[in-house]
């Protein structure tokens, strides 16, 4: 005579069968992401939306794109690079450290001249030639694309030699912001996303640098070799292209 199962046992067996037959893609995984410092705030919001939508979690490190390049070619186990330029992802692909064809532009950065002091920076950037400051912070041009763009602005304005003694070179755009925020430099070239936070008033004073004064700051993301078999890494890159992520990126002032 067959054994009858209690209802509770039936429920447990049914749940176990569902778990066994569930597709692996539905499993929540972790993705390790190297994020350019200028994109730290938008990425925090995107990470929250991504986790809510997919169940995957992000382990985020922020810093200069140049330093991330050195770490990745030395074996750092990042799955995805969200860079501040488009050249670094290409170099990583060429060197065999990133997946060919996975790179794409997720944003075009906007450079601003910013001071924590209200009224110091005018809407034309004329303060650069005024002599009314002693220190100007920029990110290291060898490591950070925003630093390269800042140099191009000074060259376009014919101020490279005059301002060179006043330059304070930061390791990253995040450190350049800190130099200005703490008063160690009266002015600094930083990313718009660092000073124009959605829903909050902008502090100090700033000049939004016209795009024709420097090369486009095309910011690309790329799938790294370490993340090639990580479903969460592929899902993150897809999410960066989604309307939800695009809305966050645009809210922080990045161009498309």
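In this note's numbering, the protein residues as written are 375 to 630. For glycine and all other residues, C-beta sits at the position ideal for the given N, C-alpha and C. In this text the structure is predicted, and so the values were computed from the model without any measurement.
Hey, quick one: how far does the beta strand (DSSP E) through residue i stretch, first residue to last?
i, result
"residue 513", "510-513"
"residue 595", "591-597"
"residue 562", "561-565"
"residue 410", "404-410"
"residue 489", "485-489"
"residue 587", "Element bounds for residue 587: n/a, residue is neither H nor E."
"residue 455", "454-456"
Helix, strand or coil: which one does DSSP assign to residue i?
i, result
"residue 571", "coil"
"residue 431", "strand"
"residue 611", "helix"
"residue 542", "strand"
"residue 478", "strand"
"residue 630", "coil"
"residue 436", "strand"
"residue 606", "helix"
"residue 391", "Its pLDDT being 39, under 50, residue 391 is placed unreliably by the model, and the measurement read from it follows with that caveat. Helix."
"residue 472", "strand"
"residue 448", "coil"
"residue 399", "Unreliable placement is indicated for residue 399, whose pLDDT of 39 sits below 50; no coordinate value is reported for it."
"residue 502", "helix"
"residue 533", "coil"
Please work out which residues of its chain come closer than 8 Å, Cβ to Cβ, to residue i, disregarding the five sequence neighbours upstream and downstream, and give them in chain order.
i, result
"residue 454", "405, 406, 407, 408, 595, 596, 597, 598, 601, 607, 610, 611"
"residue 516", "440"
Is it the case that the Cβ atoms of residue i and residue j are separated by a distance below 8 Å?
i, j, result
"residue 554", "residue 504", "no"
"residue 593", "residue 521", "no"
"residue 530", "residue 627", "no"
"residue 547", "residue 518", "yes"
"residue 486", "residue 583", "yes"
"residue 509", "residue 558", "yes"
"residue 631", "residue 501", "Lying outside 375 to 630, the shown extent of the chain, residue 631 is not represented and no answer is given."
"residue 511", "residue 550", "yes"
"residue 457", "residue 439", "yes"
"residue 411", "residue 437", "yes"
Which residue comes first and which comes last in the alpha helix (DSSP H) that contains residue i?
i, result
"residue 526", "519-530"
"residue 554", "547-555"
"residue 622", "617-625"
Residues in its own chain within less than 7 Å of residue i by CB, not counting five upstream and five downstream?
i, result
"residue 493", "579"
"residue 576", "569, 570"
"residue 479", "460, 592, 593, 594"
Excluding five sequence neighbours on each side, which residues of the same chain lie with their C-beta closer than 6 Å to the C-beta of residue i?
i, result
"residue 543", "514"
"residue 619", "420, 613"
Consider the Cβ of residue i: report whether some Cβ of chain B lies at a distance smaller than 8 Å.
i, result
"residue 482", "Protein chains in the displayed structure number just one, and chain B is not present."
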